[in-house]
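Under my numbering, the residue at position 815 of the sequence shown is numbered 861, and the numbers go up by one with no gaps.
The C-beta atom is built at its ideal place from N, Cα and C for all residues, glycine as well.
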Amino acid sequence: MRRPVGRLAALLFLLLGCLVFSGFASLSPARGDGGASSSPSRKGKAAAKPRVVLILTGGLRWDQLDQTIAPNLARLGASGTMANLVPVSTTRPACPVDTWLAMSAGRQISSGGVASTPTCTQPLVAAGAPLPEWGRYRAALAQTSKRSHLGQFAELASKAGISTHGIGNGAAYTLAGPSGVAPANYTAAPGADEELSNLVSASASSHDLTVVDADTESYASDEERKLARSLYQQERLKEERKAKSPGAWRSDGASDPAPTSGASASPTVPNGTIPPDTVDGSDSQPGRRIFSIINMRRVERILQKIPSGTRVMLVSAADIDTYTYMQMYVAADVGKAPGAPIPMGLASSDSVRQKGIVQATDVVPTILSWFGADRGAVTGSVIGSRPNTSACSSSQACYTERVDALADQARHSGKMRTLRGPFIRQLTTASIVFFLASLALTAMPLHRRVLRRRSLSLLWSWLGLTIAAVPLASLVVNVFPWWMASNARLALFAGCWATAGALAALALATGRFWAAGPLLSLAVPTAAFIALDAATGSHIMADSVVGFNLLTAARFYGVGNEAYALLAAGTLLGLAFLGERIRLGRPAEPARESVSTREPALAHSGVAVRRNLSAGSGGPTDRMVPHGSAPSGAEEATTTDGTAGGGPPAGGAPGAGRPSRTGAALAAIALIGLAVAGVDALPSMGADFGGVLSFLPALFLLMILVARIRLSVSRILTIGGITVAAAAAIAVLDWMRPAESRTHLGKFVQSISDGELAEVLGRKLGTNVRLLFNSTHRWVVLAGLVLFVCALVDLIRARPEERVGPGETAMPGGGAKPAAGASREAGLLEGDRSRKDGRSEGGGSAPGGVRGLAALSRCRAFMRRTWGFTAPVDEGVRVPLRMGLLSAGLCLLLAFALNDSGIVLPGMAVILVMPGLVALWLRQALKAREEADSRPLRSDSDRQALDVRKEAEE
47 MRRPVGRLAA
57 LLFLLLGCLV
67 FSGFASLSPA
77 RGDGGASSSP
87 SRKGKAAAKP
97 RVVLILTGGL
107 RWDQLDQTIA
117 PNLARLGASG
127 TMANLVPVST
137 TRPACPVDTW
147 LAMSAGRQIS
157 SGGVASTPTC
167 TQPLVAAGAP
177 LPEWGRYRAA
187 LAQTSKRSHL
197 GQFAELASKA
207 GISTHGIGNG
217 AAYTLAGPSG
227 VAPANYTAAP
237 GADEELSNLV
247 SASASSHDLT
257 VVDADTESYA
267 SDEERKLARS
277 LYQQERLKEE
287 RKAKSPGAWR
297 SDGASDPAPT
307 SGASASPTVP
317 NGTIPPDTVD
327 GSDSQPGRRI
337 FSIINMRRVE
347 RILQKIPSGT
357 RVMLVSAADI
367 DTYTYMQMYV
377 AADVGKAPGA
387 PIPMGLASSD
397 SVRQKGIVQA
407 TDVVPTILSW
417 FGADRGAVTG
427 SVIGSRPNTS
437 ACSSSQACYT
447 ERVDALADQA
457 RHSGKMRTLR
467 GPFIRQLTTA
477 SIVFFLASLA
487 LTAMPLHRRV
497 LRRRSLSLLW
507 SWLGLTIAAV
517 PLASLVVNVF
527 PWWMASNARL
537 ALFAGCWATA
547 GALAALALAT
557 GRFWAAGPLL
567 SLAVPTAAFI
577 ALDAATGSHI
587 MADSVVGFNL
597 LTAARFYGVG
607 NEAYALLAAG
617 TLLGLAFLGE
627 RIRLGRPAEP
637 ARESVSTREP
647 ALAHSGVAVR
657 RNLSAGSGGP
667 TDRMVPHGSA
677 PSGAEEATTT
687 DGTAGGGPPA
697 GGAPGAGRPS
707 RTGAALAAIA
717 LIGLAVAGVD
727 ALPSMGADFG
737 GVLSFLPALF
747 LLMILVARIR
757 LSVSRILTIG
767 GITVAAAAAI
777 AVLDWMRPAE
787 SRTHLGKFVQ
797 SISDGELAEV
807 LGRKLGTNVR
817 LLFNSTHRWV
827 VLAGLVLFVC
837 ALVDLIRARP
847 EERVGPGETA
857 MPGGGAKPAA
867 GASREAGLLE
877 GDRSRKDGRS
887 EGGGSAPGGV
897 RGLAALSRCR
907 AFMRRTWGFT
917 APVDEGVRVP
927 LRMGLLSAGL
937 CLLLAFALND
947 SGIVLPGMAV
957 ILVMPGLVAL
967 WLRQALKARE
977 EADSRPLRSD
987 SDRQALDVRK
997 EAEE
């Protein structure tokens, strides 16, 4: 065994080396987008400073842009970069203050939102005065990050010598220092649009950076917020009366104490605040559209008087109401501005990597890069653009095409945020029902009455395969614009299930040629589709059911958790069958006829018939062969545990040449597994750090199983060490890139260096535990495990004739009997075991452990009688299926423990794999019955068994 072990070790180190080399290849700091440089240079610092105006507003969306109302805004977009901006994502409806504080700190300060009331109240701000609730905001950020702090934007601007001026409440929070005091030159925003435009024009002429809050309608314009505010006040009064200590109430919330977990949430009432992920906001109400137009007119008036040579950035930070929807982002030069010009086109950033989409945390790094300032601990990336080859004006088709594309993109993301949850619940519910129904229908009594007909059995298999095909079908449907339909919900749900039904029919047809066809024809294409999309930018998985939603801002590219589960399960199953096919050097053919396949009627009836079998060479790897046939020299030798042996048989000559095929099988598994691991783990593709830690051990286990190498403690430790080293190498290599180009892998390393590891792990563990008790995937996993253990486990068990020992012959009902030439000692030992078992079953003097084993044996016998009546699975299917399921099980177990999504990962894998196993089980049951009906009866016992079966069915 030394040579296979050495060969496998060499392949493992080659795998690690290739992964590290691939990590070095991904160290490019940026993608070369046009516009502002990704990192400041000395030349940029010496260049003339641009004059920048940052306009903050709310409720501006590309689908509501009207050129007749805002012609200057349209011209600004046509002459610069345009994008959809992903607002700050919070578990509760976000307020403008969430965005202001994110800009001040250079990162989002809280995932739950910082508003102390259900409404977005206007804070009271005065020049040089402390900002309301700054201490509470600082405490919220301290729980999220130890490296960042409020006021970081103002500090970096001051160090770079950038003169700033803030106009309006949002500007005060954005430009406030760490002490939480409003800037001394702060100016309140006038209510009149004309007066505000004059003030901004004067500030832009005298300051390097002018920040203006032009939002007037994001505070009290939403009816849901008004109602929630009234309910909140009522609940607060009730609590104060109970406590007999009424406190003062102010609309700005300045006198509010730090909210508790109960006070910070909206009251649970029928007409309370609508959660942000239940309504997508794509169909805006007339009142909301009016509020948006009010803000648009105010921005338009400011743009009319912007001095020439000024660089303008427009950021619509939040929607008008409680609904989360993509907002408008525009950056352009008015006239000739100093520095590198901003090219025209759709904007993008390295933190999102989706054309036409940026996020709110990209704003501060972009502004700092324009001035050549240091970024400090600011998160996000510089916003750039892929420039067009020719100029484009607001009256040309190229501009309207970009606006339509952005509006379409925003609608897609909004609809998916609303429908993704109901779709997943429908899929998991269908899976649970199918698994439990399959457990009942595959039991012998119901199977004889319901699924014994070929048409019903195929129909049930098709239903299960339809469920398994839904993940692939959802990706196919996402290629088409279902979100533009008048009824997007119906288009998505009906389209996915109809496509899944068609894919299931094709998969079921492959079962006529190969038993494993239905399983692999869905699992492997699903994994291949995900890997190909991840390698090309994740454009299809973005805003898909099994991918990720851009509005939630959890991931913008790469392989998400649900997609990883599908990718890993499909890849490992496919590699198991491929490796076994290469190792054997021939296609996976059906096994030759044996006693078990010749006597399915006996298996159905439960009547065991003892038949003597011709003995082989007497070694532990002898196999049972049909009457009149001799074992072929090319056939696979099997060990006592039913696993095909990797070396030549005992005879020597027939197995010649097999070691080379084993090496080829290992090489194929290593190369394809490396490619998939690279796509999943590399920062430029999948950027899935947790996937490496679970996929590589499973891949190594699969290679060990294919090579027929026994596991040991040293080999397990070697696998773990190689896995950790590969994952750490990729993460460190990503961390070595510039801060603006790092993915979450490098950011994770940075968090470790900043001493935030405990907070990160605690956050992930909390999410894992929450999903374990709240997600419907836990019931999917439980139902799937019960179905597999009770009914489907025989699909991967070795046949009775493959468990025979030296000097024994197999029996059709299981077990073995001593051969004629067996030693008397073997018979005595067998008799001694029988006597011990008899005493155990009696229970009188047997210890508790033996009684437990006896109960377990009786339980297994019951399951075998109830569900184990199918024809044996062909060896070319059973052996690689066992390897694939073992490696996939290890992968998903590790993924469950290491990933914050926890139970969701094994749940998605069970949905993909388990229906294929049910289809395989039904195929074998149908095969057993058809062979029993078509084969002539050769003995009285056969006729007796057939009579027993017919009586049971009647």
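Under 8 Å between C-beta atoms of residue i and residue j
{"i": "residue 345", "j": "residue 155", "result": "no"}
{"i": "residue 217", "j": "residue 174", "result": "no"}
{"i": "residue 507", "j": "residue 554", "result": "yes"}
{"i": "residue 765", "j": "residue 711", "result": "no"}
{"i": "residue 33", "j": "residue 135", "result": "Beyond the ends of the chain as shown, which are 47 and 1000, falls residue 33; an answer cannot be given."}
{"i": "residue 514", "j": "residue 957", "result": "yes"}
{"i": "residue 927", "j": "residue 838", "result": "no"}
{"i": "residue 603", "j": "residue 583", "result": "yes"}
{"i": "residue 592", "j": "residue 521", "result": "yes"}
{"i": "residue 941", "j": "residue 736", "result": "yes"}
{"i": "residue 108", "j": "residue 453", "result": "yes"}
{"i": "residue 382", "j": "residue 418", "result": "no"}
{"i": "residue 716", "j": "residue 738", "result": "no"}
Helix, strand or coil at residue i [DSSP, three-state]
{"i": "residue 251", "result": "helix"}
{"i": "residue 519", "result": "helix"}
{"i": "residue 97", "result": "strand"}
{"i": "residue 375", "result": "strand"}
{"i": "residue 364", "result": "strand"}
{"i": "residue 1007", "result": "Here the chain covers residues 47 to 1000 and nothing more, so residue 1007 does not appear."}
{"i": "residue 834", "result": "helix"}
{"i": "residue 233", "result": "strand"}
{"i": "residue 530", "result": "helix"}
{"i": "residue 559", "result": "coil"}
{"i": "residue 102", "result": "strand"}
{"i": "residue 955", "result": "helix"}
{"i": "residue 592", "result": "coil"}
{"i": "residue 261", "result": "coil"}
{"i": "residue 176", "result": "strand"}
{"i": "residue 356", "result": "strand"}
{"i": "residue 246", "result": "helix"}
Residue span of the alpha helix (DSSP H) that contains residue i, given as start and end
{"i": "residue 149", "result": "142-151"}
{"i": "residue 740", "result": "735-753"}
{"i": "residue 579", "result": "563-581"}
{"i": "residue 180", "result": "180-190"}
{"i": "residue 117", "result": "117-124"}
{"i": "residue 933", "result": "921-944"}
{"i": "residue 198", "result": "198-205"}
Boundaries of the beta strand (DSSP E) in which residue i is found, first to last residue
{"i": "residue 430", "result": "429-431"}
{"i": "residue 213", "result": "210-213"}
{"i": "residue 129", "result": "127-132"}
Proximal residues to residue i (C-beta, below 6 Å), its chain only, five neighbours per side dropped
{"i": "residue 401", "result": "392, 394"}
{"i": "residue 745", "result": "719"}
{"i": "residue 1003", "result": "Nothing in the structure corresponds to residue 1003, since the chain is present only between 47 and 1000."}
{"i": "residue 943", "result": "none"}
{"i": "residue 212", "result": "218, 221, 229, 232, 257"}
Chain-order list of residues whose beta-carbon lies under 7 Å from that of residue i (same chain, five-residue window excluded)
{"i": "residue 972", "result": "500, 503"}
{"i": "residue 219", "result": "143, 146, 147, 150, 177"}
{"i": "residue 172", "result": "228"}
Nonlocal neighbours in the same chain, by C-beta distance under 8 Å from residue i, ignoring five residues either side
{"i": "residue 343", "result": "115, 116, 239"}
{"i": "residue 227", "result": "174, 175, 176, 177"}
{"i": "residue 112", "result": "339, 342"}
Any non-hydrogen atom of the ligand FMN closer than 7 Å to residue i Cβ
{"i": "residue 624", "result": "Ligands displayed in this structure: none; no statement on the ligand FMN is therefore possible."}
### Message
Suppose only complete runs of 3+ residues qualify. What are the beta strand (DSSP E) ranges in the segment 381-448, listed by chain order?
### Response
Residue ranges of uninterrupted beta strand (DSSP E) with 3 or more members, entirely inside the segment 381-448 and ordered along the chain, are 391-395, 403-405, 429-431.
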